[in-house]
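Take the sequence shown: its position 76, counted from the start at 1, is 76 in UniProt numbering, and no numbers get skipped. No residue lacks a Cβ here, since even glycine has one placed at the ideal position from N, Cα and C. For reference, the structure is listed below as structure tokens.
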Amino acid sequence: MPQPETRRLTTHVLDTAHGRPATGVTVRLARLSGGAREELAQAVTNADGRCDAPLLAGEAMRPGTYELVFAVGAYFAGAAAERPGYLDEVPVRFTIEPGLGHYHVPLLIAPYAYSTYRGS
């Protein structure tokens, strides 16, 4: 089992339409259980499109269902205003399994599309 200090959840956002990191995107993290939603963290992406610290780390990384919500509509309305965005908030729901360490959830965005994957 990974040591607590290696268990963490990170993310970054890349603006593929403009070929650059998406700076200033608000990211919210919640844990979902049954019908309950527990808000855990909120961060804003930096100049590299990353959050300055893990959204979740160590013992707080419990197995379960989580959701990251990326406020890409505000990003496209501001930083990339030459093209209005179709997307508002992009939710990414995923499961953290027991015994696994680092979870990295990147988001690739364009004004009319997005994709994600489990990164490293």
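Sort out for me which residues DSSP pairs residue i with in a bridge.
| i | result |
| --- | --- |
| GLU89 | ALA71 |
| LEU107 | VAL13, THR116 |
| LEU29 | ALA41, LEU68 |
Relative to the C-alpha of residue i, which candidate in the options has its C-alpha closest?
| i | options | result |
| --- | --- | --- |
| VAL92 | VAL72, TYR66, TYR112 | TYR66 |
| PHE76 | ARG20, THR10, THR6 | ARG20 |
Throw me the rounded Cβ distance for the residue i and residue j pair, which I believe falls under 8 Å.
| i | j | result |
| --- | --- | --- |
| LEU56 | ARG8 | 7 Å |
| VAL44 | PHE70 | About 11 Å; that fails the 8 Å criterion. |
| VAL27 | CYS51 | 6 Å |
Might you give, ordered along the chain, the residues of its own chain that have their beta carbon closer than 8 Å to the beta carbon of residue i, omitting 5 neighbours on each side?
| i | result |
| --- | --- |
| ALA53 | ALA43 |
Please return the same chain residues whose Cβ sits closer than 7 Å to the Cβ of residue i, not counting the five positions on each side in sequence.
| i | result |
| --- | --- |
| GLU97 | PRO63 |
Tell me the DSSP secondary structure of residue i in three-state form.
| i | result |
| --- | --- |
| ALA36 | strand |
Please decide whether residue i counts as near chain C, where near means a Cβ-Cβ distance under 9 Å.
| i | result |
| --- | --- |
| LEU9 | No chain C is part of this structure, which consists of one protein chain only. |
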